[in-house]
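Working notes for the structure below.
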């Protein structure tokens, strides 16, 4: 069993590239007069969230790494570090990313960590760096366990995970319209990821891909960006703070307040923690399905169009339901 | 990467980008008109039916009366944030009203109002 394997921390080495690319995008927008928007406090908040993410990695990364190294000690398998193995690890880790990301939108406990990445109403390269601080608390590192148990070294798994994040940096832009058709068919692109960041009913819970968009196509979560439904970036309920501490922890506070209110059953308390975002014991909030149904009640002409394929066309206005 | 170099890159990068954005005029708040206030409110609360909209003189806040009650819309950087006036306190300040929402993700906002509009807003915001 090989223990002493070292891979570079790709994300740290990419920091100069991130800064240069942000400046390039800013200049591009300034010169062209289109292709996105920048706002000072929004961008600063995003950048501080990115710095905090690196800091949280320094402070808490040992927990995940210790877990991975323990798995590495107990597994009898070792696939080595050849180039084909690294490529295979990259692809499988992207598959892992798809599911963690999907859980991040469908399980409130995981959403509490991921929500801050969606909390900007802007969509530019600084938004890519609006990263969470609390990933360790979600325990989503367990989703990586199979990769290590089948023989991928933990250092390699973390390395390809870093490459995955770096890939996703450039797709956070409005400056790029559509890529060539073959590329759009296979890869995650600015267009696909813009849709993912949309708060429009159509785009809720779609396009979870990291690098390869094929996972969304395989599992029925792909929604192409529509020319007639411009993406409105942000959260369904946009937050009103630029304070990074509030951005990082607001959903955790929300879970605490909801789950500890008096008079709830244990099932309701657990649902506030682990049900999809939008759950409420008294029906006072809307889930993404209810938001889509309400949208179709106002716009029945959208029934059956991308993002609304699973809603019944035949029901009368106001009664659109998921089928 | 050595930690000192990473630190310099991160701090220098954030400071440089902040300065660049501010000096090139990217700190200006969203300016509301009756039309944009209506559009922005419906963007945040698409199920609502708006009765009327009152814009503050500085055009950075709007009181929106809907069929389900009043709400506050205000500039938030280059964008807006909206909240129904359901669970909130308001404190009179020399500049206007400080609205405090009991909400960790939206603690509150300061609405700048002159003496004349202050009485009108007070009347509109009183629970019916």
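Chains as they are written, first to last, in our numbering: chain A, 1 to 323; chain B, 1001 to 1128. Beta carbons are placed, not taken as given, at the ideal position from N, Cα and C, and that holds for glycine. This one's a predicted model, so the numbers in the text were calculated from it and none came from an experiment.
Closest in C-alpha terms to residue 1111/B, from the list 1093/B, 1124/B, 1123/B, 1102/B, comes 1093/B. Counting only the Cα atoms, residue 67/A lies some 53 Å from residue 1063/B. Near chain A, meaning a CB-to-CB distance below 9 Å, the residues of the segment 1077–1107 of chain B are 1077, 1078, 1079, 1080, 1081, 1082, 1083, 1101, 1103, 1104, 1105, 1106, 1107.
Of the candidates 6/A, 191/A, 210/A, the residue whose Cα lies closest to the Cα of residue 224/A is 191/A. Straight-line measurement puts the Cα of residue 1050/B at about 44 Å from the Cα of residue 139/A. With its beta carbon at least 7 Å from every one in chain A, residue 1112/B lies outside the interface.
Under the 8 Å Cβ criterion, the segment 120–129 of chain A counts as touching the segment 46–59 of chain A, having at least three qualifying pairs. Residue 1018/B has a beta carbon lying within less than 7 Å of a beta carbon in chain A.
Listed in chain order, the non-local C-beta contacts of residue 292/A below 7 Å within the same chain comprise 201, 204, 308, 311, local neighbours out to five positions each way being set aside. A contact is defined here as three or more CB-CB pairs under 8 Å, and the segment 1060–1076 of chain B meets this definition with respect to the segment 1030–1046 of chain B. In the three-state reduction of the DSSP assignment, residue 1075/B falls in the strand class, which pools E and B. For residue 129/A, there is no enclosing alpha helix (DSSP H), as DSSP marks it with neither H nor E. Under a criterion of Cβ atoms nearer than 9 Å, the residues of chain A adjacent to residue 1001/B are, in order, 8, 9, 12, 13, 15.
Taking a contact as a CB-CB distance under 8 Å, the pair residue 156/A and residue 22/A does not count as one, their CB atoms being some 29 Å apart. Within the same chain, Cβ atoms closer than 6 Å to the Cβ of residue 85/A are found at 79, the five residues on either side in sequence being excluded. Between residue 226/A and chain B, the shortest Cβ-Cβ separation is not below 7 Å. Under a criterion of Cβ atoms nearer than 8 Å, the residues of chain B adjacent to residue 38/A are, in order, 1021, 1026. If you check the CB distance, residue 1006/B and residue 12/A come in under 7 Å. Using a Cβ-Cβ cut-off of 7 Å, residue 130/A does not count as an interface residue toward chain B, since no Cβ of chain B sits closer than that to its own. Given a length threshold of 4 residues, each whole run of the alpha helix (DSSP H) inside the segment 1022–1056 of chain B is given here in chain order: 1034–1044. By the criterion of at least three beta-carbon pairs nearer than 8 Å, the segment 236–246 of chain A is in contact with the segment 38–45 of chain A.
Segment contact: the segment 87–94 of chain A against the segment 257–269 of chain A, fewer than three CB-CB distances shorter than 8 Å; contact not assigned. When beta bridges are read from the DSSP output, residue 1090/B appears opposite 1099/B. For residue 228/A, the closest C-alpha among the options 254/A, 305/A, 121/A is that of 305/A.
Counting the other CB atoms within 10 Å of its CB gives residue 159/A a total of 16 or more, which places it among the buried residues. When the beta-carbon positions are compared, residue 1083/B and residue 1101/B come within less than 7 Å of each other. Each residue's CA atom was taken as its position, placing residue 82/A and residue 216/A some 29 Å apart. Contact between the segment 26–42 of chain A and the segment 100–119 of chain A is absent: fewer than 3 CB-CB pairs across the two stretches fall below 8 Å. Among the residues of the segment 51–72 of chain A, those with a Cβ less than 8 Å away from any Cβ of chain B are 51, 54, in the order of the chain. Between residue 175/A and chain B, the shortest Cβ-Cβ separation is not below 7 Å.
Using a Cβ-Cβ cut-off of 7 Å, residue 121/A is close to 1079 of chain B, given in chain order.
According to DSSP, residue 80/A shares a beta bridge with no other residue. Looking at 124/A, 281/A, 137/A, the one whose alpha-carbon comes closest to that of residue 59/A is 137/A. Using beta-carbon distances, residue 238/A counts as an interface residue toward chain B, with a partner under 7 Å.
The C-beta distance from residue 294/A to residue 1047/B rounds to 6 Å, short enough to fall under 8 Å. Buried is the label assigned to residue 209/A, since at least 16 other Cβ atoms lie within 10 Å of its Cβ.
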